[in-house]
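*Asks:* First, the structure itself, so that you have it in front of you.
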Amino acid sequence: RLGKAPDWSTHRKPIFSVDIHPDGTKFATGGQGEDSGKVMIWNMAPVLREEDEKNEDVHKMLCQMDNHLACVNCVRWSNNGLYLASGGDDKLVMVWKRAAFIGPSTVFGSSSKLANVEQWRCVTILRNHTGDVMDVAWSPHDVWLASCSVDNTIVIWNARKFPEMVTCLRGHTGLVKGLTWDPVGKYVASQADDHSLKVWRTVDWQMEANITKPFNECGGTTHVLRLSWSPDGQYLVSAHAMNNSGPTAQIVERDGWKTNMDFVGHRKAVTVVKFNPKIFKKKQKNGSSNKPSCPYCCCAVGSKDRSLSVWLTSLKRPLVVIHDLFDKSIMDISWTLTGLGMLVCSMDGTVAYLDFSLDELGDPLSEEEKNSIHQNIYGKSMAITNTEAQLSTTIIENPEMLKYQQQRQTSTQTNSAPGTVGPESSAPKLNSVMNGESLEDIRKNLLKKQVETRTADGRRRITPLCIAQLDTGDFSPALFNSVPILPSGSSMSNQLTPHLSSDSSPGQPSSLGFRPSHDPMLTSPPANSLKTYLSNSGPGGQIRPFRIEPIKALDSRFTERSKATPGLTSSSTPAQKECKLKEDTSSDSEDKMASINKNLMYSKRKPELMIDGGEVVEKRKKGRPRKEKMTTSMVQSFTQVSMEPSVFLEVENEVTVVAGSKLSQLRCSKDGRDWNTLLPSSVVTAAGSSDLIAVASEDRMLSVFSSCGRRLLPAIQLATPVSALHCTAHFVMVVTAGATLSVWDVQKQKALVRNESLQSILSDTSVSQSLLTQQGVPVVGLSNGKSFCFSSSLETWSLIADKADSLVQCADFRGCLSSHDAPVSSGPLAVMQGRYLNAGRLASRLSSTPHHMQQSMTLAFLENQLASALTLQSGQEYRYWLLIYSRFLVNEGSEHRLRELCKELLGPVHTSATTSWEPTTVGFRKRELLREVLPVIGENLRFQRLFTEYQDQLELLRNK
Amino acid sequence: MAKVQVLNVAVLDNPSPFRNPFQFEITFECMEDLPEDLEWKIIYVGSAESEEYDQILDSVLVGPVPAGRHMFVFQADAPNTGLIPESDAVGVTVVLITCTYRSQEFIRIGYYVNNEYTDPELRENPPIKPDYTQLQRNILASNPRVTRFHINWEGSAERMEDSENVDPSSNSMLPPSCLPGKAPPIGILPDNSMDCL
Chain A
0 RLGKAPDWST HRKPIFSVDI HPDGTKFATG GQGEDSGKVM IWNMAPVLRE
50 EDEKNEDVHK MLCQMDNHLA CVNCVRWSNN GLYLASGGDD KLVMVWKRAA
100 FIGPSTVFGS SSKLANVEQW RCVTILRNHT GDVMDVAWSP HDVWLASCSV
150 DNTIVIWNAR KFPEMVTCLR GHTGLVKGLT WDPVGKYVAS QADDHSLKVW
200 RTVDWQMEAN ITKPFNECGG TTHVLRLSWS PDGQYLVSAH AMNNSGPTAQ
250 IVERDGWKTN MDFVGHRKAV TVVKFNPKIF KKKQKNGSSN KPSCPYCCCA
300 VGSKDRSLSV WLTSLKRPLV VIHDLFDKSI MDISWTLTGL GMLVCSMDGT
350 VAYLDFSLDE LGDPLSEEEK NSIHQNIYGK SMAITNTEAQ LSTTIIENPE
400 MLKYQQQRQT STQTNSAPGT VGPESSAPKL NSVMNGESLE DIRKNLLKKQ
450 VETRTADGRR RITPLCIAQL DTGDFSPALF NSVPILPSGS SMSNQLTPHL
500 SSDSSPGQPS SLGFRPSHDP MLTSPPANSL KTYLSNSGPG GQIRPFRIEP
550 IKALDSRFTE RSKATPGLTS SSTPAQKECK LKEDTSSDSE DKMASINKNL
600 MYSKRKPELM IDGGEVVEKR KKGRPRKEKM TTSMVQSFTQ VSMEPSVFLE
650 VENEVTVVAG SKLSQLRCSK DGRDWNTLLP SSVVTAAGSS DLIAVASEDR
700 MLSVFSSCGR RLLPAIQLAT PVSALHCTAH FVMVVTAGAT LSVWDVQKQK
750 ALVRNESLQS ILSDTSVSQS LLTQQGVPVV GLSNGKSFCF SSSLETWSLI
800 ADKADSLVQC ADFRGCLSSH DAPVSSGPLA VMQGRYLNAG RLASRLSSTP
850 HHMQQSMTLA FLENQLASAL TLQSGQEYRY WLLIYSRFLV NEGSEHRLRE
900 LCKELLGPVH TSATTSWEPT TVGFRKRELL REVLPVIGEN LRFQRLFTEY
950 QDQLELLRNK
Chain B
231 MAKVQVLNVA VLDNPSPFRN PFQFEITFEC MEDLPEDLEW KIIYVGSAES
281 EEYDQILDSV LVGPVPAGRH MFVFQADAPN TGLIPESDAV GVTVVLITCT
331 YRSQEFIRIG YYVNNEYTDP ELRENPPIKP DYTQLQRNIL ASNPRVTRFH
381 INWEGSAERM EDSENVDPSS NSMLPPSCLP GKAPPIGILP DNSMDCL
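Taken in order, these protein sequences are the chains called A and B. All residue numbers for the first sequence refer to the working numbering, where the first residue is 0 and numbers rise by one. All residue numbers for the second sequence refer to the working numbering, where the first residue is 231 and numbers rise by one.
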């Protein structure tokens, strides 16, 4: 049967890409148009049902976009179905969104009378590639959009903030022709003409694996190399690979990126591989044994040899092979989300639809079952968002919750279309101008009303009347609800009629489906019903002969490679090591710098405080005084960096005064005001804060002065010489050579920590760092990387940081970092943890760490941080980590912990004498903290009950 | 891609006496804010025989043009009858609307125009010297011919020379049979665009 070619397209153009919308109601094709690239959106119904196909009232084509200047190589729907991304030879990636509220319209001047039933509008143009864009791919949850190009690069775009670019992945040395995301979102893989398949980590956008071996024999002969990742994430299947000079699709195992298996049988290079989105399990037949079978995946492979094969990972042979489906190479494959239908497109300008039955493929697992598989393997990262998708139908019960949800939505919406912020902001004004006036009225008076001016050179200049904003593509409904827009002049009706009636015009494309009459001989293959649907050429249907061949046609097997060496090159490993090494050295010096900054004096003394107190004392007794004696009248000057106005302390030892007796002079200058005082013994060390200055002298005396030089305390006699001295605010801390630590509150003239022995925390280590927080909490860092603080309330040493702690290295909470909160870098916790707190930096390397492990580690780490900040009484840090912690709990869905946290922060609503609840913690009112935490909880609809519960109680308390 | 798409042109006051001004209501859509004005022109083809009888009826700047959908009415005086060859006054000719951005033409919309006497008497026996007061101008509004050209929309860089026409109906249009006389070859059009005319 030959259909009549539509007058807008006289000959077929290649179709390079096809993609079915997630809701299964439409699909997009991309390819070559007349003189431009062409993206078309088609109705799925006529493809699926013959009656719809014959029904001329059912639109076949929904929209066509000619905006790409050159051939469109790839079209992909976002997972949420809101956007369509297209990439083409014009080096551009365009992102399309449906504009609501606009009725059908023709392309102006087009006599074809083909109406665009839906309006899809380009909302963003992504420009960065310097060559043809070959493939685009949305990450799971539409966080990123990846595009690859013949410029050898892959660009990752921030899909929530177009056109922001996240990164550009360089490393391929040939044209990059295919992309696929790991369903868990941990990796993105690319295949290029440089005979390699590369896997990139999404954590740091570095290369995870470079697989070359299966591609060594490949030539750059295929237009596309569309690889695919299995829905369970366990396998990655490449396009064109070679095994024993035969074209294959290489199976790459996620575990170790092993390449032991491949799909064999195609006679020419494999152009496209596409996994069915569903995971299947064997259909339980009545009477058959009920033993549970292993779930398996289904994969379609298309080749330049014009044939298509469909494989189940549970079978060693293909489920079905279809030869001669097309005249030219297969270019793209798309499965329906149900997993039972498939569209295949070809260079010959046609698209074929195949549908399968459950008997053929098996029982698809439900989303819950799929999630549980993901959860078993990777933890719950997929599950969360999937349940979020389910939650989208949840009714929001609380207006506050609604507010947060809406805020979140609007913020993502505005983010998604940043280029349109301008017009949006002026939209209200416009609406008021047009208020109550129909477009009809406007048009009647347009000539009189429009503003016309003269330019300097006397030319007429008309200011056009803006009738609609271009925001995210949605036009104001008020303007267009009076469709059809009829002109004031009667002549327009003339113009409109043809297109309104176009649906019934004979030139309308109608797909010419046909069902194969099954050859009685071919009983073994599954009975696929098959239709062809002609895309770019519309109804110009040609029916080609085709046959479904018995499976034997393809020599199919899962081959074991003779030499099972993984194609992983080791190149990345040395690079990593080197990188690591560099890090170490650089941060070492950082560390040094930090300690120097803390106390200029300190680095000199570092080694002197040993565990063996007696020995140290010996050493000090011999060493230090001698040195100072030799350098008589040695002038030491210290600068205390942390003090607000710089204060200079200068000590001059052994100043000879009258009668040969020697004194030491302490001079201090602050803001140009100087003072000095004399001390009987030579000064060993000095320290100061904004409030006071402390000086320790050789005779183990500690003197404390006010910032003006007034002596605040009588000299304190210490048991052993001072090893480290710190002043912060009105606190003085002394670490002695006898390995004891004391802290005094000078203001209250009280000891906070009294001669506390360090023995319990020192074991074959020495003190490398010490500091005193603003709240008077002493912190000691040891040479083994552990840091302790002494909690005076608990009267014990508490571990606050351990640089060797693997939790620190594995915790990955970057997803919970809020952009508003600048990380606290100056708090004592941050100082002690320093560079080791590089969230998840190592976590990414430990790619084998299962997600649930990492999640637990992160949780444990965050709780450690919170507890440490609390013990350190570091308020800002506590708040910072509290917010990260609650965000993490919200993301990971730990309701019990969240609830306990809220409960703790809220305290008892009804106060009674017996309650021991403290309303404040580390300087914050707990309920204020709860007020900050609640919006975070409100971001997840799942917790709306929790949110409401605490929101209400807070309100109640406020009203009291 | 083109930043400006013409969505519709409505021909107002049509048909009308020959001396009435032309009125086109133009609706267009702009993808992003345009830093410069658009320049629209109405060109009346005085004679099918030669380009030299073309008259630019008016040219107008349109701006500022922010992203969005806009409309305006472009009104231009009727052609100067003195410049029209007498033999071509009655019959079918063409009126063109062009739009340029940064001096580059990116769209050209053409309409057939039929000028004829309303009076059957005059129709039968047209005067040798055309009586423009009796002529009626009828623009075939239902059949616009649109030719689009790729231009360089960005300010800098070289101009795109390869004007590419996207004529959506390359072969379907026949001269309207209702119109008597000859359809003029339109010389000012690029060879590859409206060749079907």
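The beta carbon of each residue, even a glycine, is placed where N, CA and C say it ideally should be.
Kindly indicate which three-state DSSP category B/E262 falls into: helix, strand or coil?
*Replies:* B/E262: coil per DSSP, three-state reduction.
*Asks:* Whose Cβ in chain B lies nearer than 8 Å to the Cβ of A/R458?
*Replies:* Under the 8 Å cutoff, chain B gives S289, V290, L291.
*Asks:* Quick check on A/G255: buried or exposed, where buried means 16 or more other Cβ atoms within 10 Å of its Cβ?
*Replies:* Exposed, since its Cβ has fewer than 16 Cβ neighbours within 10 Å.
*Asks:* Runs of 3 residues minimum, wholly inside the segment 662-738 of chain A: which ones carry the beta strand (DSSP E) assignment?
*Replies:* The segment 662-738 of chain A contains these whole beta strand (DSSP E) runs: 672-678, 682-687, 691-696, 700-705, 710-716, 721-727, 730-735.
*Asks:* Using a Cβ-Cβ distance cut-off of 9 Å, determine whether B/A308 contacts chain A.
*Replies:* Not an interface residue.
*Asks:* Please list, in chain order, the chain A residues whose beta carbon lies closer than 8 Å to that of B/R332.
*Replies:* Ordered by position in chain A, no residue passes the 8 Å Cβ test against B/R332, which lies about 16 Å from the chain.
*Asks:* Looking at the C-beta of A/Q31, does it have a partner C-beta in chain B at a distance below 9 Å?
*Replies:* Not an interface residue.
*Asks:* What is the C-beta distance between A/G361 and A/K280, in whole angstroms, given that I count them as a contact (C-beta under 8 Å)?
*Replies:* With 8 Å as the limit, A/G361 and A/K280 qualify as a contact, their Cβ atoms being about 6 Å apart.
*Asks:* Compute the Euclidean distance between the alpha carbons of A/Q854 and A/Y377, then round it to the nearest angstrom.
*Replies:* Distance between the alpha carbons of A/Q854 and A/Y377 is about 10 Å.
*Asks:* According to DSSP, A/L168 sits in a beta bridge with which residue or residues?
*Replies:* Answer is A/I153.
*Asks:* What three-state label does DSSP hand A/L364 in the structure shown?
*Replies:* Here A/L364 sits in coil by DSSP.
*Asks:* Counting only beta-carbon atoms, is B/Q431 nearer than 9 Å to chain A?
*Replies:* Residue 431 of chain B lies beyond the range of chain B shown here (231 to 427); nothing can be said about it.
*Asks:* With DSSP as the reference, label A/E931 as helix, strand or coil.
*Replies:* Helix.
*Asks:* In whole angstroms, give me the CA-to-CA distance for A/L869 and A/F923.
*Replies:* C-alpha separation (whole angstroms): 11 Å.
*Asks:* With 7 Å as the limit, tell me which residues of the segment 331-351 of chain A have their beta carbon closer than that to any beta carbon of chain B; keep them in chain order.
*Replies:* Residues passing the 7 Å Cβ filter: none.
*Asks:* For A/C293, does the three-state DSSP call read helix, strand or coil?
*Replies:* Note: A/C293 maps to coil in three-state DSSP.
*Asks:* Could you pull out every unbroken alpha helix (DSSP H) segment of at least 4 residues lying fully inside the segment 847-903 of chain A, listed in chain order?
*Replies:* If we require 4 residues or more, the alpha helix (DSSP H) runs fully inside the segment 847-903 of chain A come out as 850-870, 874-891.
*Asks:* I'd like the list of long-range same chain contacts for A/M745, defined as Cβ closer than 8 Å, with 5 residues on each side in sequence excluded.
*Replies:* Sequence check: residue 745 of chain A is Val here, not Met. So the list reads D690, L691, V703, L711, L712, H729, F730, V731, once near-sequence residues are dropped.
*Asks:* Using the beta-carbon count (16 or more within 10 Å), is B/R375 buried or exposed?
*Replies:* Buried: at least 16 other Cβ atoms inside 10 Å.
*Asks:* Restricting to Cα atoms, I'd like to know which of A/A98, A/T220, A/A736, A/G264 is closest to A/C62.
*Replies:* Looking at the Cα atoms, A/A98 is the closest of the given residues.
*Asks:* With the cut-off set at 9 Å, would you say B/E279 and B/D318 are in Cβ contact?
*Replies:* Against a cut-off of 9 Å, the Cβ pair of B/D318 and B/E279 comes out as a contact.
*Asks:* On the premise that B/G293 lies in contact with B/D267, defined as a C-beta separation below 8 Å, what is that separation, rounded to the nearest angstrom?
*Replies:* Contact holds; Cβ gap of about 3 Å.
*Asks:* Could you give the residue range of the beta strand (DSSP E) that holds A/A240?
*Replies:* 234-242 is the span of the beta strand (DSSP E), which, as asked, contains A/A240.
*Asks:* Return yes when the Cβ of A/V74 is within less than 9 Å of the Cβ of A/A27, no when it is not.
*Replies:* Yes.
*Asks:* Under DSSP, the beta strand (DSSP E) around A/E948 begins and ends at which residues?
*Replies:* Segment 943-958 is the alpha helix (DSSP H) holding A/E948; no beta strand (DSSP E) there.
*Asks:* Among A/L724, A/R699, A/L955, which residue has its Cα nearest to the Cα of A/A718?
*Replies:* Measuring from the Cα of A/A718, the nearest candidate turns out to be A/R699.
*Asks:* Look at the Cβ atom of A/C344, then the Cβ atom of A/G30, and state whether they are nearer than 9 Å.
*Replies:* Yes, they are a contact pair.
*Asks:* Against chain B, with Cβ distances strictly below 9 Å, would A/C121 count as a contact?
*Replies:* Yes - at least one Cβ of chain B is within 9 Å of the one on A/C121.
*Asks:* Taking the C-alpha atoms as reference points, what is the distance between B/P350 and B/G312?
*Replies:* The straight-line gap from Cα to Cα measures roughly 25 Å.
*Asks:* Could you tell me the boundaries of the beta strand (DSSP E) in which A/R120 lies?
*Replies:* 118-126 is the span of the beta strand (DSSP E), which, as asked, contains A/R120.
*Asks:* Should the segment 315-333 of chain A be called in touch with the segment 260-274 of chain A, which here means at least 3 C-beta pairs below 8 Å?
*Replies:* Touching, yes, given that three or more Cβ pairs across the two stretches are closer than 8 Å.
*Asks:* Buried or exposed: where does A/C726 fall if 16 or more other Cβ atoms within 10 Å of its Cβ makes it buried?
*Replies:* By the neighbour-count rule (16 or more Cβ atoms within 10 Å), A/C726 is buried.
*Asks:* Mind checking A/A268: buried by the 16 CB within 10 Å criterion, or exposed?
*Replies:* Its Cβ being crowded by 16 or more others within 10 Å, A/A268 is buried.
*Asks:* Can you find the residues in the same chain that come closer than 7 Å, C-beta to C-beta, to B/P360, ignoring five residues on each side of it along the sequence?
*Replies:* For B/P360, where only same-chain residues beyond five positions count, the Cβ hits under 7 Å are E316, A319, V320.
*Asks:* A/C147: buried (16+ other C-beta within 10 angstroms of its C-beta) or exposed?
*Replies:* So A/C147 counts as buried.
*Asks:* Quick check: what's the CA-CA separation for B/T377 versus A/Q233?
*Replies:* B/T377 and A/Q233: Cα-Cα distance of roughly 52 Å.
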